[in-house]
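Going down the list, the sequences are from chains Y and L. Numbering follows our numbering, in which position 74 of the first sequence is assigned residue number 74; successive positions increment by one, without gaps. Offset between the second sequence (1-based) and our numbering: plus 1000. C-beta: ideal position from N, C-alpha, C; glycine also. Since the structure is predicted, the reported quantities are computational estimates derived from the model, not experimental observations. In what follows, a single structure is set out as structure tokens and then discussed.
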Amino acid sequence: MATVVGYTTGVYDLFHIGHLNVLRRASSLCDELVVGVTTDELSISRKGKKPLMPYAERADIVGNLRFVNRVVPQTTMDKMQMWREIGYDRMFVGDDWKGTDAWNRYEREFKLVGVEIVYLPYTTHTSSTILRGKVLGG
Amino acid sequence: MSDEFEAGATAPAESTEEWNRGQHKKDWRVGYVSGAFDMFRVDHLDQLRAARERCNVLVVGVHTDEVVFAQTGKTPVIPFEERLEVVRWMRDVDVVVAQDTEFLAEAWARTRFDVAFVPHAIDAGHTDYQALDALGVAIIPLPGGRISATLSAATR
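What follows is the structure, encoded as structure tokens:
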């Protein structure tokens, strides 16, 4: 059987157990897991804030996880463009996106190229936003 | 190993490059690194990686919340179980254990490591290090590792 390449993305600033659980779950649902780590530039343009940890550090930590096969820079929010570059078979997204207009559209588009979108639940209350507040708030 | 160790004699490597040039690879069988690893950062990763370069099996003792509190007077931001879980899945880490003591010599009683990699220059007068030396355990300071400027400024 052909290798199933999985793909998921994130900023992974202040890496925590929530990130770990989602990545582990994703890796169990594919043969090879590629993780798109959002670049500093994309994070600034999208969220208006720079991550506390620069891309190189965030990518290094994610890439050192046993179940992550490869890290690539996520330079665009356009998942179809990333697909053209990577050629993954399955994409993992947080289930908070399920049913949104953007992801309903992605589901239709990706179906045409044979990519399945899998929504994964977040299993923790820890979030980077909360941690960022704690770090910056002292 | 203990015969070669002189407390206070080993200077910490200035950089990762210097570390990688120095001595022989895989000098020891079981190596030990301990720490809180509260909000896992790239300098933690650098330390684990440098330690793994020098031993065949790297055991990491993650400080329990009680030990972190005893050492710093603060409760860690991330609870023990979550800190341990993140460290456990790092490629450079072979085994994780809970370290429920501040003292490496007490941790050794359980883990029996050949070398302790410590994240700072050796203090020859440190009683914990003297106890380890008496047990025949090598003590090697790790190079500092990278730390992001933003995070460093925010957490100090």
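Is N1162 of chain L buried or exposed, if buried means 16 or more other CB atoms sit within 10 Å of its CB? Because chain L spans 1001 through 1156 in this model, residue 1162 of chain L falls outside it and cannot be assessed.
Use the C-beta contact count for D78 of chain Y: other C-beta atoms within 10 angstroms, 16 or more gives buried, fewer gives exposed. exposed
Any idea which residues DSSP pairs A1138 of chain L with across the strands? L:V1115
Taking the alpha helix (DSSP H) that T1208 of chain L falls in, what are its first and last residues? This structure gives no information on residue 1208 of chain L, because the portion of chain L shown stretches from 1001 to 1156.
Checking contacts by CB at 8 Å: is E41 of chain Y closer than that to chain L? no
Mind listing which residues of the segment 35–63 of chain Y have their C-beta closer than 9 Å to chain L's C-betas, in chain order? K50, P51, L52, M53, P54, A56, E57, R58, D60, I61 and G63
Note down, one range per segment and in chain order, each alpha helix (DSSP H) of at least 4 residues found wholly within the segment 63–109 of chain Y. 79–86
Buried or exposed: where does R84 of chain Y fall if 16 or more other Cβ atoms within 10 Å of its Cβ makes it buried? exposed
Please state the DSSP three-state secondary structure of W1108 of chain L. helix
Using a Cβ-Cβ cutoff of less than 7 Å, which residues in the same chain neighbour D40 of chain Y once the five nearest sequence positions on both sides are dropped? K50, P51, P54 and Y55
Less than 8 Å between CB atoms is the rule here; does V1077 of chain L satisfy it with respect to chain Y? yes
When Y:R46, Y:K98 and Y:R90 are compared against V5 of chain Y, the one with the closest alpha-carbon: Y:R90
I want to verify the contact list: residues of chain L whose CB lies under 9 Å from the CB of L131 of chain Y, in sequence order. M1039, V1077 and I1078
With distances taken Cα to Cα, identify the nearest neighbour of R25 of chain Y among Y:R108, Y:I130, Y:E109 and Y:G94. Y:G94
Does G18 of chain Y come out as helix, strand or coil in the three-state DSSP assignment? helix
Give me the subset of the segment 1042–1054 of chain L whose CB atoms are less than 7 Å from a CB atom of chain Y, sorted by chain position. V1042 and L1045
Within-8 Å CB hit, R70 of chain Y to chain L: no
Within 8 Å (strictly less), CB to CB, does E1082 of chain L reach chain Y? yes
May I ask you to check if the CB of W83 of chain Y is nearer than 7 Å to at least one heavy atom of the ligand FAD? Absence of the ligand FAD is noted for the structure shown, with no ligands found whatsoever.
Throw me the rounded Cβ distance for the A1138 of chain L and V1115 of chain L pair, which I believe falls under 8 Å. 4 Å
Applying the criterion that 16 or more other CB atoms from any shown protein chain within 10 Å of the CB defines a buried residue, is D1043 of chain L buried or exposed? buried
Can you round the beta-carbon distance between T1111 of chain L and V1097 of chain L to whole angstroms, since I take them to be within the 8 Å contact cut? 6 Å
For R58 of chain Y, name the three-state secondary structure that DSSP assigns. helix
Taking Cβ-Cβ distances below 7 Å as the criterion, which residues of the segment 104–120 of chain Y are in contact with chain L? none
Please determine, among Y:M80, Y:A2, Y:G87 and Y:R58, the residue with the shortest C-alpha to C-alpha distance to V34 of chain Y. Y:G87
Looking at L1045 of chain L and D60 of chain Y, is the spacing between their C-beta atoms short of 8 Å? yes
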